[in-house]
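Input: a single structure, listed below in structure tokens.
Chains as they are written, first to last, in our numbering: chain H, 75 to 135; chain G, 41 to 535.
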């Protein structure tokens, strides 16, 4: 698996940087993959893949 | 011991087609105003004190996120009460706009099973208001029960626990913080990627990246693991409202109950003089470490050179609670069941993770995303993964992937719809939320102000304020009171 890391590591305890959150980093998933029913896969494929990239919110509490 | 009154406040994510974060406050106001049940419009803010700190002082100001301050530059806002658009609902809940997020605060509950149903009632109120706003505006409106936009903005799901004033900051901090860190594994809602700290593909908590302090009164920026806001919503000489801001919004009802159960047990233990002896070095750092270890064994650094694990902390809570708390006291047995459920989840994570994926949000979502990746050849950095993550939290039936998991039988079943709708109509317990519910449902014409701890009526042209006791069992007779005078007399009756 190729992992793309474009963000600079931030000091722990610092505030998250805003508006640059599209990248991911390495980690090790620990839950086994289930057999997903076709209906669930169909529902996931119907989601606009850019939905989260466009999702912007104000900070709340 | 004392009956712990608990409430949950959830700030929902909100999108309106063709609009963005700059218009979010206006959109959130509009949504709240479309609530299908706003029995009483207004809120009595006289008893709120967000700048008061449990450590005995009042800060001059609360920090705000500089990014959000930019959204507001040059914009004229209506008076604060109009912006907040408070509604008191028939079930005694509060619905309002909080910094651009529709926020539903459940009526207070003694029992966790009741609290969970009231939290689900909130989902229904907010989702129905979104439908009405969409119809009115002619735009798609989506609400999300989550805590992040994945781009550095977070919004909270808070818990409130009423505890005796004598416990004070030091004892509360010591007893609760280890639990707030450890419970992440059995209550987290899960998040694709990271927004601060060590890079990761997926983590257990939505909120862990946002804690920058050990303790403090701020909630909008540089948030603390332990919030010290001193705003009791009850007699301040007797009560503290422990305001927990570190938890995630859960779609799974059992996870909602679990996160509160563990805190309740820690509070009862502290209140009976049986403190948990964990002293964490940097809880904000521990939150991130725990969140990033998908085996559930994230290292929790203790003061000095020792360290422990979330499981050991939860096990110690269960052992102490079993030994020292009266299992016959109302709520204790219910809470202890959630300790056992937590241990079962740790066991599951150490084996195949199957039970964890049925009972805790982050594990269910991780399993769902891994199946998606496997079937469609996606990697974690594919934007479709994060979008599926977001849709796990969407309350729109057409997009809601959590609902799809439930329908496919991949999680434990949800409570009956009839039980949730009953909670939308009125609270089922006889605590002070019942009094608030009756006041707004039957006597709104005489009401002038509502808050968590007080009702103010106008009687013969003069205000009359009645305090609502957090300990009192109110009489069901209130619901059939013939006049407001009769109702007030019942409120003031000693029981």
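We treat Cβ as the ideally placed atom computed from N, Cα and C, and that holds for glycine.
Chain H within 8 Å of residue i, Cβ atoms only
i: residue 314 (chain G); result: no
i: residue 323 (chain G); result: no
i: residue 111 (chain G); result: yes
i: residue 514 (chain G); result: no
i: residue 139 (chain G); result: yes
i: residue 526 (chain G); result: no
i: residue 53 (chain G); result: yes
i: residue 107 (chain G); result: yes
i: residue 285 (chain G); result: yes
i: residue 408 (chain G); result: yes
i: residue 135 (chain G); result: no
i: residue 196 (chain G); result: yes
i: residue 189 (chain G); result: yes
i: residue 439 (chain G); result: yes
i: residue 429 (chain G); result: yes
i: residue 412 (chain G); result: yes
i: residue 60 (chain G); result: yes
i: residue 424 (chain G); result: yes
i: residue 415 (chain G); result: yes
i: residue 505 (chain G); result: no
Between the CA atoms of residue j and residue i - distance to the nearest angstrom
i: residue 511 (chain G); j: residue 269 (chain G); result: 22 Å
i: residue 229 (chain G); j: residue 521 (chain G); result: 44 Å
i: residue 167 (chain G); j: residue 52 (chain G); result: 10 Å
i: residue 515 (chain G); j: residue 128 (chain G); result: 21 Å
i: residue 340 (chain G); j: residue 282 (chain G); result: 23 Å
i: residue 115 (chain H); j: residue 414 (chain G); result: 11 Å
i: residue 494 (chain G); j: residue 508 (chain G); result: 5 Å
i: residue 438 (chain G); j: residue 309 (chain G); result: 44 Å
i: residue 285 (chain G); j: residue 196 (chain G); result: 7 Å
i: residue 67 (chain G); j: residue 140 (chain G); result: 7 Å
i: residue 435 (chain G); j: residue 500 (chain G); result: 45 Å
i: residue 477 (chain G); j: residue 150 (chain G); result: 16 Å
i: residue 428 (chain G); j: residue 409 (chain G); result: 7 Å
i: residue 464 (chain G); j: residue 160 (chain G); result: 9 Å
i: residue 211 (chain G); j: residue 95 (chain G); result: 12 Å
i: residue 172 (chain G); j: residue 76 (chain G); result: 8 Å
i: residue 313 (chain G); j: residue 217 (chain G); result: 17 Å
i: residue 134 (chain H); j: residue 163 (chain G); result: 18 Å
i: residue 54 (chain G); j: residue 134 (chain G); result: 18 Å
i: residue 533 (chain G); j: residue 82 (chain G); result: 26 Å
Where the beta strand (DSSP E) containing residue i begins and where it ends
i: residue 254 (chain G); result: 251–256
i: residue 419 (chain G); result: Note, residue 419 (chain G): premise wrong, no beta strand (DSSP E); not H, not E.
i: residue 384 (chain G); result: Premise fails: residue 384 (chain G) lies in the alpha helix (DSSP H), 372–390, not in any beta strand (DSSP E).
i: residue 284 (chain G); result: 279–284
i: residue 198 (chain G); result: 197–204
i: residue 273 (chain G); result: Element bounds for residue 273 (chain G): n/a, residue is neither H nor E.
i: residue 51 (chain G); result: 46–51
i: residue 142 (chain G); result: 141–145
i: residue 137 (chain G); result: 134–138
Residue range of the alpha helix (DSSP H) that includes residue i
i: residue 267 (chain G); result: Premise fails: residue 267 (chain G) lies in the beta strand (DSSP E), 263–267, not in any alpha helix (DSSP H).
i: residue 111 (chain G); result: 106–112
i: residue 460 (chain G); result: 457–465
i: residue 364 (chain G); result: 350–364
i: residue 477 (chain G); result: 472–482
i: residue 442 (chain G); result: 441–447
i: residue 328 (chain G); result: 323–332
i: residue 259 (chain G); result: It is not in any alpha helix (DSSP H) - residue 259 (chain G) carries neither H nor E in the DSSP assignment.
i: residue 218 (chain G); result: 208–222
i: residue 302 (chain G); result: 293–311
i: residue 112 (chain H); result: 112–120
i: residue 532 (chain G); result: 524–532
Residue i - partner residues in DSSP beta bridges
i: residue 496 (chain G); result: G:489, G:505
i: residue 402 (chain G); result: In DSSP, residue 402 (chain G) forms no bridge with anything.
i: residue 194 (chain G); result: G:188
i: residue 81 (chain G); result: G:127
i: residue 175 (chain G); result: None, per the DSSP bridge assignment.
i: residue 242 (chain G); result: G:232
i: residue 341 (chain G); result: G:347
i: residue 93 (chain G); result: G:97, G:269
Beta carbon proximity, residue i to chain G, threshold 8 Å
i: residue 87 (chain H); result: Bear in mind that the predicted position of residue 87 (chain H) carries a pLDDT of just 48, short of 50, making it too unreliable to give a figure here.
i: residue 99 (chain H); result: Reliability of the predicted coordinates at residue 99 (chain H) is poor, the pLDDT of 41 falling under 50, and the value obtained from them is presented with this limitation in mind. Yes - at least one Cβ of chain G is within 8 Å of the one on residue 99 (chain H).
i: residue 102 (chain H); result: Residue confidence is low: residue 102 (chain H) scores 46 on pLDDT, short of 50, so the model does not pin down where it sits. No coordinate-derived value is stated.
- Query: Using 8 Å as the Cβ pair cut-off and three pairs as the minimum, do the segment 446–462 of chain G and the segment 136–144 of chain G touch?
  - Reply: no
- Query: Is it a yes or a no for the segment 345–362 of chain G touching the segment 245–264 of chain G, going by three-plus beta-carbon pairs under 8 Å?
  - Reply: no
- Task: Mind the definition here: the segment 222–240 of chain G touches the segment 285–299 of chain G only if three or more C-beta pairs lie below 8 Å; say whether that holds.
- Result: yes
- So, do the segment 317–333 of chain G and the segment 215–225 of chain G have three or more beta carbon pairs nearer to each other than 8 Å? yes
- Answer yes if the segment 118–125 of chain G comes into contact with the segment 54–73 of chain G, meaning at least three C-beta pairs across the two stretches below 8 Å, and no otherwise. yes
- Should the segment 99–109 of chain G be regarded as contacting the segment 251–270 of chain G, the criterion being three or more beta carbon pairs within less than 8 Å? yes
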